[in-house]
Each structure stands twice: as C-alpha cells, then as structure tokens.
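1390 is the number of the first residue of the sequence shown in the numbering used here; add one for each residue after it.
Backbone N, C-alpha and C define an ideal beta-carbon position, used for all residues, glycine too.
Remember, predicted model here, so these are calculated numbers, not experimental data.
Let me begin by presenting the structure, written as structure tokens, before commenting on it.
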Amino acid sequence: MAEEYGFGIRVPRMFEWEKGTPKERFLWLRALDPERWVFVYWEPLDSTQYKKISLSWLVRTRDSLCQIYYEGDSLMKEELTYRRIYFRNLPGIKYRARWKNVKKVIGGPVVGYVLDDIEHKRRYILDGAVFAPGVRKEPYLRHCELIMLSFNPDARAFLDSLSTR
C-alpha cells in the first residue's frame, strides 16, 4: 500500500480498506463494532500555499469528501477547535470537532490533522471518527489517532522502519 499511495500508515488487523484509490488521492480505512474510520486525503501543494492552512479550506474540503464517500457527513463548525503543530517535521494543525449526518440523524467525535509536506508537494488531511451510540467514544477515537500517528509521508522511510522491527 505504501508504494502505491506514496505514504505509509500502519493498519491494525480489525481495520479494512473501504474505499479510495491513489488516483482519487483518498484512502478510507474502516472497522466495525463499534464503527470507526480513518481517512487520508491529499492534494497538490505549491510553495504559495505552504503553512497557509485555513479552517474554511478544511471544512469545505472535508465536507466535500464526505459528500462523496460518507453519504453526506459534515463537520459541526461551531464545535471545531484546533491548534498549530509539527508532525514528523511537517507544519500543520490538529483539529477536534463533531461530525453529523442530517439525513441519517447521526453523529460523533472526530479528530484529525492537516499537514503540509513541501518535499513531496502534498497537503494531507488525516481524519479519524467514531459512530458508537451508547458507548464511550474516547477509547475508539484514541485508537483512530494512534493509527494516524503512524503516518509517514515518506513511503520508503516507512517501509524501511517496518523492516528494522
């Protein structure tokens, strides 16, 4: 998968590929019982965009992806919080919010990252969310976050790290 997509991410056994291709620049990993998922999306990044991540871009881009892949989920903007970070030396933001699906009257927590990788000329969204009515969601959201923390934008370095374990 790392060679195909150009980045690496560890996928636990209970998670499976759900949708997305390198051509679509989208990878959706999903586990059931309770339902939780992680997606990775990227788009080309040029030097004029570097370190200029706006929340309006995040909301617009994530919501448009969710229209395509998640049957219309959207971020609840009024609950969106973020902070600037560096992740594997990439500048970005970490965000938390709640997602909702008005048609299905469902929702849940979401945590994610937007990262600018100037070396590979990509802007990434890493996004993890949970749908688990009647269950504590934080442990499952943390699990999604651990998966995202395994992300490496350098596929070769990711594969090399696996061979040294």
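*Could you pull the start and end residues of the beta strand (DSSP E) that Tyr1502 belongs to?*
Ile1495 to Asp1506
*asked:* Could you tell me which whole beta strand (DSSP E) segments of length 3 or greater appear in the stretch 1426–1500?
replied: 1470–1476 and 1479–1490
*Taking Phe1540 as part of the beta strand (DSSP E), name the residues at either end of that continuous run.*
Element bounds for Phe1540: n/a, residue is neither H nor E.
*asked:* Considering only DSSP beta bridges, list what Asp1516 is partnered with.
replied: Phe1428 and Gly1501
*For Asn1490 and chain C, any beta-carbon pair shorter than 7 Å?*
Protein chains in the displayed structure number just one, and chain C is not present.
_With 16 other Cβ atoms within 10 Å as the buried cut-off, status of Tyr1475_ = exposed
*asked:* If you reduce the DSSP assignment to three classes, tell me which class Ala1521 lands in.
replied: coil
*Nearest CA to the CA of Asn1492: which residue from Gly1409, Gln1456 and Leu1515?*
This sequence places Lys at residue 1492; Asn is not what is there. Comparing Cα positions, the closest option is Gln1456.
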